[in-house]
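For reference, the structure is listed below as structure tokens.
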């Protein structure tokens with residue numbers, strides 16, 4: 001089992017699930033492409049997807065980089081927090097966008113921790 | 129020739145071409161930054177670019193991960209379908225967004241196949 | 257010191273800083289989620305972040321790929337231009353979106369150079 005690869009693939013699977021949910025909301029609330037607004041519930045689904053994309057672009061590189069300098073099981077464990085944070089974020093955001101902070105913090109904290117780990121590793125320079 | 133690297137670079141080149149076409153549409157239809165709406169044809173070009181970005185974020189990691197567990201030539205071949213799917217998607221979307229499904233399916237299928245290949249590889253764990 | 261990893265991490269740190277500035281603009285100009293428009297200054301901050309995301313998706317892969325075929329210190333140096341280009345882009349865009357060209361060119365040039373370097377490397381195929 002390669003834990004870091006597994007967490008990376010699960011994060012992408014989670015994100016793809018969010019894009020499917022956006023697609024369903026597009027049909028349900030009759031938002032015709034190319035529009036990305038027009039119904040509050042569609043916009044919530046779309047923003048959850050976009051915010052996940054915005055954070056994923058940081059998450060994947062720092063997950064892999066941190067994994068080259070620190071014990072992979074620990075790095076993957078921190079990455080798993082990101083996976084859970086995104087589930088919470090979506091759940092809360094769709095219910096009420098104003099309640100999105102806890103899920104966002106559980107996204108930002110693992111991202112910041114992995115980024116710091118990657119930075120320290122790059123400065124130390126002893127990549128595997 | 130490194131086929132996986134080649135497919136990855138071509139996907140990025142294709143995406144950059146889409147961003148250039150969005151930039152041209154911005155000038156042609158006089159959409160002043162920071163606006164991203166205001167003319168249907170600009171919005172189509174912009175949404176093609178954004179949808180490509182949304183799928184590229186999955187495509188590149190699963191292409192590389194799958195390539196570490198499965199024969200690179202096969203993985204690159206599946207990746208080439210993504211490249212063609214995006215050309216079809218753009219062509220159809222700009223003509224009529226309602227006809228975008230075939231190109232989208234030819235994006236989603238290779239992405240799903242590569243994601244599954246990466247997942248199986250990560251579970252087996254015998255990365256090169 | 258691994259210069260390529262360092263440039264990659266700094267690019268992600270810069271991008272995260274832009275997302276924080278967007279978040280602050282959201283509060284300051286009272287743009288309630290899930291809206292992403294409603295005040296020119298918020299939209300400028302948001303578009304800077306999105307444009308950086310759009311370019312980062314190209315930058316990181318070509319930085320790493322180029323670094324596998326060419327001297328890492330040279331590749332990292334070209335990457336550093338991207339970091340500066342983004343600071344200039346943000347500074348100019350927030351002041352006046354019409355003045356964003358120089359910062360954008362300093363993003364596009366290093367991206368194009370690294371992409372070309374990655375393409376030549378992939379064609380030559382002698383990856384490390």
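Protein chains in written order, with the numbering used here: chain B, 1 to 128; chain Z, 129 to 256; chain A, 257 to 384.
Ideal Cβ positions, reconstructed from N, Cα and C, are used throughout, including at glycine.
Environment of residue i [buried if 16+ CB atoms lie within 10 Å]
i                      : result
residue 43 of chain B  : buried
residue 133 of chain Z : buried
residue 245 of chain Z : buried
residue 24 of chain B  : exposed
residue 226 of chain Z : exposed
residue 283 of chain A : exposed
residue 309 of chain A : buried
residue 169 of chain Z : exposed
residue 384 of chain A : Confidence at residue 384 of chain A is low in this model, with a pLDDT of 47, below 50, so the placement of that residue is unreliable and no value is reported for it.
residue 202 of chain Z : exposed
residue 115 of chain B : buried
residue 268 of chain A : buried
residue 101 of chain B : exposed
residue 162 of chain Z : buried
residue 195 of chain Z : buried
residue 224 of chain Z : exposed
residue 79 of chain B  : buried
Under the three-state DSSP convention, the category residue i falls into
i                      : result
residue 295 of chain A : coil
residue 122 of chain B : helix
residue 259 of chain Z : This structure gives no information on residue 259 of chain Z, because the portion of chain Z shown stretches from 129 to 256.
residue 130 of chain Z : coil
residue 160 of chain Z : coil
residue 384 of chain A : Low confidence applies here, because residue 384 of chain A scores a pLDDT of 47, under 50, leaving its location unreliable; read the following figure in that light. Reduced to three states, the DSSP call for residue 384 of chain A is coil.
Residue-chain proximity (residue i, chain Z), Cβ-Cβ < 7 Å
i                      : result
residue 9 of chain B   : yes
residue 101 of chain B : no
residue 277 of chain A : no
residue 34 of chain B  : yes
residue 328 of chain A : no
residue 65 of chain B  : no
residue 12 of chain B  : yes
residue 53 of chain B  : yes
residue 333 of chain A : no
Residue-level contact to chain A via CB, residue i, 7 Å cutoff
i                      : result
residue 38 of chain B  : no
residue 24 of chain B  : no
residue 169 of chain Z : no
residue 130 of chain Z : yes
residue 57 of chain B  : yes
residue 47 of chain B  : yes
residue 113 of chain B : no
residue 133 of chain Z : yes
residue 188 of chain Z : yes
residue 256 of chain Z : Only weak support exists for where residue 256 of chain Z lies, its pLDDT of 47 falling under 50; the value from the coordinates is given anyway. It does not: the Cβ of residue 256 of chain Z has no partner Cβ on chain A nearer than 7 Å.
residue 85 of chain B  : no
residue 94 of chain B  : no
Top-ranked residue by Cα proximity to residue i, from the options
i                      : options                    : result
residue 232 of chain Z : Z:174, Z:217, Z:203, Z:195 : Z:217
residue 314 of chain A : A:376, A:273, A:264, A:379 : A:264
residue 210 of chain Z : Z:184, Z:192, Z:253        : Z:184
residue 19 of chain B  : Z:178, Z:241, Z:207, Z:201 : Z:178
residue 213 of chain Z : Z:173, Z:239, Z:198, Z:159 : Z:239
residue 273 of chain A : A:363, A:378, A:302, A:381 : A:302
residue 254 of chain A : A:291, A:289, A:316, A:290 : Because residue 254 of chain A is not part of the residues shown, which for chain A are 257 to 384, the question remains open.
residue 119 of chain B : B:87, B:33, B:64           : B:64
residue 350 of chain A : A:318, A:292, A:277, A:378 : A:277
residue 249 of chain Z : Z:205, Z:164, Z:190        : Z:190
residue 215 of chain Z : Z:143, Z:131, Z:252        : Z:143
residue 113 of chain B : B:92, B:2, B:29, B:76      : B:76
residue 92 of chain B  : B:31, B:48, B:29, B:39     : B:48
residue 197 of chain Z : Z:251, Z:160, Z:157, Z:130 : Z:251
residue 72 of chain B  : Z:130, Z:253, Z:131, Z:129 : Z:253
Chain B within 7 Å of residue i, Cβ atoms only
i                      : result
residue 144 of chain Z : no
residue 336 of chain A : no
residue 245 of chain Z : no
residue 172 of chain Z : yes
residue 238 of chain Z : no
Any alpha helix (DSSP H) of 4 or more consecutive residues that is wholly inside the region 197-227 of chain Z: Within the region 197-227 of chain Z, the complete alpha helix (DSSP H) runs of at least 4 residues fall at 200-223.
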